[in-house]
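Asker:
There are 2 protein chains.
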Amino acid sequence: MADSTEFTPDKDAVGAIIEAALAQGRTSLTAPEGKAVTDAYGIPTPGEALAESADDAVAVAARLGFPVAMKIVSPEILHKTDAGGVQIGVGSAAEVRSAFTTIVSNARAYDPKARILGVQVQQMVPAGTEILIGTVTDPTFGKVVAFGLGGVLVEVLKDVTFRLAPATKDDALSMLDGIRAAEILRGVRGGAAVDRDALADLVVRVSQLAADFPGIAEVDLNPVFASASGVMAADVRILLTDEAPVARRRYSREEILVSMRRLMEPRSVAVIGASNEDGKIGNSVMRNLIDGGFAGEIYPVNPKADDILGRKAYKSVMDVPGEPDVAIFAIPAKFVAGALGEVGRKNIPNAVLIPSGFAETGEDELQQEIVTIAEDHGIRLLGPNIYGYYSTWQDLCATFCTPYDVKGGVALTSQSGGIGMAILGFARTTRTGVSAIVGLGNKSDLDEDDLLTWFGEDDNTDCIAMHLEDLKDGRAFVEAARATVPKKPVVVLKAGRTAAGAKAAGSHTGALAGDDAVYEDILRQSGVIRAPGLSDMLEYARGLPVLPTPKGDNVVIITGAGGSGVLLSDAIVDNGLSLMEIPPDLDEAFRAFIPPFGAAGNPVDITGGEPPSTYEATIRLGLEDPRIHSLVLGYWHTIVTPPMVFAELTARVVAEFRERGIEKPVVASLAGDVEVEAACQYLYERGVVAYPYTTEKPVEVLGAKYRWARAAGLL
Amino acid sequence: MADSTEFTPDKDAVGAIIEAALAQGRTSLTAPEGKAVTDAYGIPTPGEALAESADDAVAVAARLGFPVAMKIVSPEILHKTDAGGVQIGVGSAAEVRSAFTTIVSNARAYDPKARILGVQVQQMVPAGTEILIGTVTDPTFGKVVAFGLGGVLVEVLKDVTFRLAPATKDDALSMLDGIRAAEILRGVRGGAAVDRDALADLVVRVSQLAADFPGIAEVDLNPVFASASGVMAADVRILLTDEAPVARRRYSREEILVSMRRLMEPRSVAVIGASNEDGKIGNSVMRNLIDGGFAGEIYPVNPKADDILGRKAYKSVMDVPGEPDVAIFAIPAKFVAGALGEVGRKNIPNAVLIPSGFAETGEDELQQEIVTIAEDHGIRLLGPNIYGYYSTWQDLCATFCTPYDVKGGVALTSQSGGIGMAILGFARTTRTGVSAIVGLGNKSDLDEDDLLTWFGEDDNTDCIAMHLEDLKDGRAFVEAARATVPKKPVVVLKAGRTAAGAKAAGSHTGALAGDDAVYEDILRQSGVIRAPGLSDMLEYARGLPVLPTPKGDNVVIITGAGGSGVLLSDAIVDNGLSLMEIPPDLDEAFRAFIPPFGAAGNPVDITGGEPPSTYEATIRLGLEDPRIHSLVLGYWHTIVTPPMVFAELTARVVAEFRERGIEKPVVASLAGDVEVEAACQYLYERGVVAYPYTTEKPVEVLGAKYRWARAAGLL
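Protein chains in written order, with numbering that gives the first Met the number 0: chain A, 0 to 714; chain B, 0 to 714.
1. Are any of the Cβ atoms in chain A nearer than 8 Å to that of B/L566?
2. Within 8 Å of any Cβ in chain A, is that where the Cβ of B/T401 sits?
3. Within this structure, are the beta carbons of B/R249 and B/A30 separated by less than 8 Å?
4. Would you kindly work out how many angstroms separate the C-alpha atoms of B/I436 and A/V491, rounded to a whole number?
5. Check this for me: beta carbons of B/P66 and B/M123, under 8 Å apart or not?
6. Name, going along the chain, the residues of the stretch 343-360 of chain A whose beta-carbon falls closer than 9 Å to a beta-carbon of chain B.
7. In chain order, what residues of the same chain lie with their CB nearer than 6 Å to the CB of A/D448, ignoring the 5 residues before and after it?
8. Could you spell out where the beta strand (DSSP E) holding B/M123 opens and where it closes?
9. At 4 residues or longer, and completely inside the stretch 580-628 of chain A: list those alpha helix (DSSP H) runs for me, N to C.
10. Assign B/D458 to buried or exposed, taking buried as 16 or more other Cβ atoms, counted over all protein chains shown, within 10 Å of its Cβ.
11. Give me the residue from A/A708, A/I102 and A/A246 with the minimum Cα distance to A/G141.
12. Give the residues from the stretch 657-682 of chain A that approach chain B closer than 7 Å (Cβ to any Cβ), ordered along the chain.
13. Between which two residues does the alpha helix (DSSP H) carrying B/R379 extend?
14. Going along the chain, which residues of its own chain have a beta-carbon closer than 7 Å to the beta-carbon of A/V545, five neighbours each way excluded?
15. How about A/P165 and A/R114: are their beta carbons less than 8 Å apart?
16. If you reduce the DSSP assignment to three classes, tell me which class B/F212 lands in.
17. Considering Cα atoms alone, identify which of B/V675, B/G387, B/G343 and B/V143 is closest to B/G377.
18. Take every Cβ of the stretch 156-165 of chain A, pair it with every Cβ of the stretch 514-532 of chain A, and state whether three or more of those distances are shorter than 8 Å.
19. Along chain A, in chain order, which residues have C-beta atoms closer than 7 Å to that of B/M420?
20. Please name the residue, chosen from A/G361, A/L131, A/V143 and A/P138, that lies closest to A/G149 on a Cα-to-Cα basis.
21. Which residues share a DSSP beta bridge with A/K493?
22. Counting C-beta neighbours from all protein chains within 10 Å, is the total for B/E538 16 or more, i.e. buried, or is it exposed?
23. Short of 6 Å in beta carbon distance, which residues of its chain neighbour A/G671, apart from the five on each side in sequence? Order them along the chain.
24. Are the CB atoms of B/A180 and A/V151 within a distance shorter than 8 Å?
25. So, at 7 Å on beta carbons, what are the nonlocal neighbours of A/A192 in its own chain, with the 5 sequence-adjacent residues on each side left out?
26. Give the interface partners of B/P691 over in chain A, defined as CB-CB distance under 7 Å, in chain order.
27. For A/V151, which residues in chain B fall below 7 Å Cβ to Cβ?
28. Please say whether B/I271 and B/F357 have beta carbons closer to each other than 8 Å?
29. Under 8 Å: do the stretch 328-339 of chain B and the stretch 265-284 of chain B share three or more Cβ pairs, one atom per stretch?
30. If you compare alpha carbons, which of B/G424, B/I557, B/N349 and B/D219 is closest to B/I605?
31. Using beta carbons (cut-off 8 Å, strictly below), is A/G278 in contact with chain B?
32. If you pair each beta-carbon of the stretch 410-419 of chain A with each one of the stretch 438-447 of chain A, do three or more pairs fall below 8 Å?
33. What would DSSP say about A/K704, mapped onto helix, strand or coil?
34. At least one CB of chain A closer than 8 Å to the CB of B/T694: is that the case?
35. Below 7 Å between beta carbons is the criterion; list the residues of the stretch 467-492 of chain B that meet it against any residue of chain A, in chain order.
36. Sorted by chain position, which residues of the same chain lie with C-beta nearer than 6 Å to B/G542's C-beta, five sequence neighbours on each side aside?
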């Protein structure tokens, strides 16, 4: 059934109608124009025709089928009902004939001067579930299609879902399941299910219509009536716009990868504004580059110094030998444009603009000036208004913050410098293995989609986590995310989720914060894992690369603390995971290891006083049995099995199975005195995502891994 | 309007009907009985009467007003519609006459043996919003009244809310606002608002009915039609039960306080099963009592030893001098009953039962035996199956865990031992000031309501946090919570929230886990702050006693990191707090301190490169201005203002204002390298709730404080 919608709309007809309406300076289509447009896209609306005589009306009604609605058509009569010019549920030929006469004479009586063009005879819409289908033009994502249940469910409960337009049939079907009241469409209280295929088909057609014509600002089909026998849009409203979407410079995937490789794996870098003076950014950057151990060439540029930190300094970047891959700017904003021209003439492909004082402080023109210079010279810009960036596997620390050297699989980016510092501190305290940390700041050029494209290809990166407040080009981001997600998880913290947050985003970056409902659905559609908060983003970033990908849905809890088992079960459900129904043979196998008063089933409650051997035997069984796909461990600190004993046995067993090729996600919640903290760190470094004093976090990270595995099509 | 519902139901009539039905072995009332019951409680239902003849029917219909519904009445015909025994919308005398004949003959044809008592003629219900009002008998809370919008909103979206029965008029009005679709009742899409007073009045009456009669198991008014002109229950269903509610032994508030004071502030304790042998529980308990520094007498009881850890040992508790306040049991389950009898004869009022091997391992009879012994002797039991308890201000560590000595204001309790260990570890690592930690285990006697009653009075306790999986007596808990909440916050982590969690709770404690929807609403009604997870409970417990109570709703964010400002704004909204609209004069006052490109408004974005003086000036202004009630700080780690400099200035300013009598909650999110961790600890210890690497947690704790302040009636 999926993607079965194929149709050949009459685009020329629609194009002509829109063009004509715009030419008349109109911002909406009339009802007959709307009807013509929907007909051209095969969008079912009530059949109708203009009848100029009673005979005509009877013939039309017979063709459409009874009952029909009849309405006066006169340019002078706007309020048809007031004029006695509307009759509905007209059920037979005789009634149609009589209604025609009545309507016309009512109209004449109402306004003797009105020109009467005839009576519109319209098919009555069959009863059904009320649906809203529409499209809007989102500032971030462009044309977007919306679907919800009409009436109070949309209006009061805001139960509506969005996808990029055009939507595929699969997208459309996912929308039918994407609303909270989805069950209604499947039939409740004895009602029949609606025709899902016809409904999804309608979504596809409407979304295609909006996508085909930049001149269409909004489409509203409200209500659509859906029943077991089909769908019909009872009312159509189409709004127009003559604003052309702003064209944004796009680079090809190849172009992006070439310049990003030189940015992230440079052989040499120039530091413009390098300084010997403590406390200067140009000094911190130089120190960090040197102390970080960068193996390539570092060229300090400073017109007033002969050497910087013992390295020969150059008066101008033009004097630097060769062609560095990156120019790092540590000079005040007002000098950036001049130096950037030199960087361009030197053919340096990347400029990292640490200085602030551009769009974020209202200096939009200054920012536009440097963007123009960069485009003229083919320079890609990172920033301005950033802390710089780390490329850990290159020992490259091109920032004014402190160096970071724990190499690993997660690449992190942040739009805000403050969040970048939080990333750094968190990574350091948890010893999270990092491939890169990149500040994006004002995103005058390079943004999340460029970075995603690179990190998707980068072999050192297993997981990408991004803090962002807006997207300059939502479509480019979705494209890059879709190309990346099948290979590695992408975590997104979208700040400005709420109305208050979005307001703050506006004042901070001058960027229009998108409507969060649209972001929510479209980020999900693109396969990224959205983190609800900063702390979640950081924990997902730390944990996802550590966990192997689950091969199925069956999660089993093994716990020494019954109390933890209950809370872990809560967390399993909260995170959309499945507590495995344990089959009898497996239940018996677990029971063999646990005291008679322990509870098998799931959670497997081994009880609190058990020795290490009970933990080990049950964990082994959990890893061994191929029907189990993930383990959640609940540890209870006792004298019999101290924290590090538990950590060592668990890490050892997991490693042993991994060597045998059996890799399952294992996460753990450790309840105990402070020694559990070291035990958790020990476990984390050995591939078991473990947390003290919380039953929620380990399961949240496991849940994020599952969400990614599903989005990547691996489950 | 509140609590204006006063009515005098005819209880005798209802009692007689229920008694008669139960005497006949029935578990439900017939429609006429239901009608009589609702009439007795003034619950509006359609007028109706039994007609034995067609003439009768016409007369009744004329009295009620046309149209009417007509239904066969026969004890043998349960499915009236199947029997052709129902007609609705009968609109005239002639139609009533004909309907009577048809219905009766249909019924005779359907079942020739059926006794036909006549035809019920019923007023048709006026149109309105469909509502569900009902009552159930909850295993935890007893009679509970439910309210929701009928139809799909209840059935598909489970949009329903609960309160204890009987509900007050205020309770009932809060239910109208307590559903997600509350807006519908206020009128949407041009519809009129329903008569809220009549609707709330109906809730009160139904809840009173259920509360008055233990024999009523369930009441279902579904649907009730509510409109601007009133309410009417179209269908009434009343289910009966002859199961008497299990009586639970209750102690008076005075009795509880007397024995709890001796438990928590004992002058002397006896340790039954005290031991010199390392690794034995009776050894750990003795060591902890001694090492913890308990100043009262400690009497080891051990028939085989002369002294234990250098203290004279007694063969039996009977030999101990005086009358200890507490007997701590560290002997196997099978010996408990015998020793407990001696404890009773010795007049010791409290027994702390550490041993496991009772109900939690299926030994229900053994547990019942000790409960009976305790009741016979007037001993209160803590446990069995617990780690013991800490009474920090008494330096009392009556557990087999490690001692804890950071005295402070939070009392923590846990049903599970594992969670108790997590509490201990968390408290130690965060240096949380604790007044008590108490294990509740099987709760054979003492439970949360006893502890709440005590901690509510205890001057050392400012905040109470409880982990629980069930409540033995929900009503007693609500009563204790309501008495305590106006004085101090009560945080509850209710485990087994989800269906999967509840299932695990069942297997763990043998307790029936209540329906979480009921728990959710009734815990809120009782004013407790529900923590969504273990980590939240611990953070609330740590943070709430530290924060002063806010005096108003206006929250202001002051941030050095614009990015944090956006995330903090998100968190403000997520936690139901209000970002203050900054008046122009205050805006100007803030602007005087921040760079021209900084953003005033709210968040106040002082920008990233600012010196300590900018943080200090803006924080001072925030504390000084009486229109601001709470501050949320976003710190960004820079060389100009290092973490400890920020922490010291913030703590100093807050302390200075506190000395001047100006106390406002101040929370902080610190974004930076690892030094921010020490800065957070420094701030926390000085009354500022501060967290590194998260923008969510500080605002969550502030949100919990606001929830409490509202529940306590302080806002």
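Don't be surprised by glycine CBs; every beta carbon is placed ideally from N, CA and C.
Answerer: This is what the structure holds:
1. Chain A, which has a Cβ nearer than 8 Å to the Cβ of B/L566, makes this yes.
2. Put simply, the CB of B/T401 is near chain A, with a gap under 8 Å to one of its CB atoms.
3. In this structure, B/A30 does not lie closer than 8 Å to B/R249 by Cβ.
4. Cα to Cα, the separation comes out at about 39 Å.
5. Cβ atoms of B/P66 and B/M123: closer than 8 Å.
6. Under the 9 Å Cβ criterion, the stretch 343-360 of chain A contributes S355, G356, E359 and T360.
7. Answer for A/D448: A475, F476 and A479, listed in chain order.
8. No beta strand (DSSP E) contains B/M123, which DSSP labels as neither H nor E.
9. Those alpha helix (DSSP H) runs which fall completely within the stretch 580-628 of chain A and span 4+ residues are 583-590 and 611-623.
10. Counting Cβ neighbours within 10 Å, B/D458 comes out exposed, since fewer than 16 surround it.
11. Closest by alpha carbon: A/A246.
12. Within the stretch 657-682 of chain A, contact with chain B at the beta-carbon level (separation under 7 Å) is assigned to A670, G671, D672, V673, V675 and E676.
13. Counting along the chain, B/R379 falls outside any alpha helix (DSSP H), though it belongs to the beta strand (DSSP E) covering R379 to L381.
14. Same-chain partners within the cutoff: Y683, G686 and V688.
15. No, these two residues do not count as a Cβ contact at 8 Å.
16. B/F212 falls in the coil class under three-state DSSP.
17. Comparing Cα positions, the closest option is B/G343.
18. The stretch 156-165 of chain A, when compared against the stretch 514-532 of chain A, does touch it at the 8 Å Cβ threshold.
19. Taking a Cβ-Cβ threshold of 7 Å, the residues of chain A close to B/M420 are W635, H636, A670, G671 and D672, in chain order.
20. Of A/G361, A/L131, A/V143 and A/P138, the residue nearest in Cα terms is A/L131.
21. According to DSSP, which records beta bridges pairwise, A/K493 is partnered with A/L467.
22. For B/E538, the number of other beta carbons within 10 angstroms of its own is at least 16, and it is reported as buried.
23. These residues qualify, in order along the chain: H636 and P642.
24. Against a cut-off of 8 Å, the Cβ pair of B/A180 and A/V151 comes out as a contact.
25. The residues are L184, R185, G186 and A227.
26. Result: G424.
27. Those within 7 Å of A/V151 in chain B are A180, I183 and V187.
28. In this structure, the beta-carbon distance from B/F357 to B/I271 does not fall below 8 Å.
29. Taking a contact to require three or more Cβ pairs closer than 8 Å, the stretch 328-339 of chain B and the stretch 265-284 of chain B qualify as touching.
30. The candidate whose alpha carbon is nearest that of B/I605 is B/I557.
31. The beta carbon of A/G278 falls within 8 Å of a beta carbon belonging to chain B, placing the residue at that interface.
32. Taking a contact to require three or more Cβ pairs closer than 8 Å, the stretch 410-419 of chain A and the stretch 438-447 of chain A qualify as touching.
33. Secondary structure at A/K704: helix, using DSSP grouped into helix, strand and coil.
34. Yes, B/T694 counts as interfacial toward chain A.
35. The residues in question are E468.
36. Correct list, in chain order: V688 and V700.
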